[in-house]
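Numbering (the working numbering), first residue to last: 8 to 270. From the three backbone atoms N, C-alpha and C, an ideal C-beta is built for every residue, glycine too. A quick note: this is a predicted structure, and the numbers were derived from the prediction, not measured. In what follows, a single structure is set out as structure tokens and then discussed.
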Ligand SMILES: [Zn+2]
């Protein structure tokens, strides 16, 4: 008997790929773009208010990505199912890939999963998303195109009752080429009222991240992950402001990036 699929034929594809032929060196990714839940999973046993808050998705960042993609004519690849179904920025083998608890909320629909349940989420959501990113980056490499990977995220202003002081943070691990050209510019902006996070509100690691280690470091591409605080992105005016500000920083950094060496 054929195994039932997780996603029904009428449910949205996990992957959104905009401007695939965009002319920019930048490629934007958005691992936590939305908060869809496959019908077969019910609502994971959660109230809608839980799914709608930061544990379910990165509030406001997809809209920032749309503005940046249009400004630079850059590809934007996003994943629309909730990070509570499977976190597309975690290696699928780690426990937090399909969280049983997120912040302080127990996720009933993620308890006591079989290997088959886990594999289905990985096969139908995680793998297609990362395959689109990998294929896009490989096509650019084969075409000899310059590529700079920018992973877009947003973060909650308060986590486990601890307020976060940053408005924006840049995350990176082994390769700081792009971060070192963005940070000084962001730090000189007088309209950013807080310290600019450097590996804050958290640091990238091979265990807690996937997109930067695999697609950025793994391919030797200059890259950064950006985190913008969610309370600043609740309305279009804030989304435009922060997309503008970060986009200006990218423009400045691009002019300073060496174009020789590995693409
Ligand atoms: Zn995120």
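{"Check": "Determine the DSSP secondary structure at residue 222, reduced to helix, strand or coil.", "Outcome": "helix"}
{"Check": "Where residue 339 and residue 73 are concerned, what is the direct C-alpha to C-alpha distance, given to the nearest angstrom?", "Outcome": "Here the chain covers residues 8 to 270 and nothing more, so residue 339 does not appear."}
{"Check": "Using 8 angstroms for Cβ pairs, my map puts residue 156 next to residue 260. What's the rounded Cβ distance?", "Outcome": "Their Cβ separation, rounded to whole angstroms, is 13 angstroms, which puts residue 156 and residue 260 out of contact at 8 angstroms."}
{"Check": "With H, G and I counted as helix, E and B as strand and the rest as coil, what does DSSP make of residue 243?", "Outcome": "helix"}
{"Check": "Name all residues in chain order for which at least one heavy atom of ligand 1 lies closer than 5 angstroms to the residue's CB.", "Outcome": "39, 65, 160"}
{"Check": "Is the Cβ-Cβ distance between residue 140 and residue 109 less than 9 angstroms?", "Outcome": "no"}
{"Check": "On the CB-based measure, 16 or more other CB atoms within 10 Å of its CB, does residue 36 come out buried or exposed?", "Outcome": "buried"}
{"Check": "Since residue 257 contacts residue 33 with CB under 8 angstroms, what's their CB separation in whole angstroms?", "Outcome": "7 angstroms"}
{"Check": "Let's see if you can read the secondary structure: which residues bound the alpha helix (DSSP H) around residue 56?", "Outcome": "55-59"}
{"Check": "Expressed to the nearest angstrom, what Euclidean distance is found between the alpha-carbon atoms of residue 13 and residue 175?", "Outcome": "36 angstroms"}
{"Check": "When the distance is taken between beta carbons, is residue 82 closer than 9 angstroms to residue 158?", "Outcome": "no"}
{"Check": "Tell me whether the beta-carbon of residue 237 lies closer than 9 angstroms to the beta-carbon of residue 164.", "Outcome": "yes"}
{"Check": "Measuring CB to CB, does residue 50 end up less than 9 angstroms from residue 116?", "Outcome": "yes"}
{"Check": "Decide if the stretch 93-102 is in contact with the stretch 126-135; the criterion is three or more beta carbon pairs, one per stretch, under 8 angstroms apart.", "Outcome": "yes"}
{"Check": "In chain order, what residues of the same chain have a beta carbon less than 8 angstroms from the beta carbon of residue 240, not counting five sequence neighbours either side?", "Outcome": "66, 67, 68, 70, 71, 161, 246, 249"}
{"Check": "Taking the alpha-carbon positions, what's the residue 270 to residue 17 distance?", "Outcome": "Caution is warranted here: a pLDDT of 44 is assigned to residue 270, below 50, making its placement in the model unreliable, and no coordinate value can be reported."}
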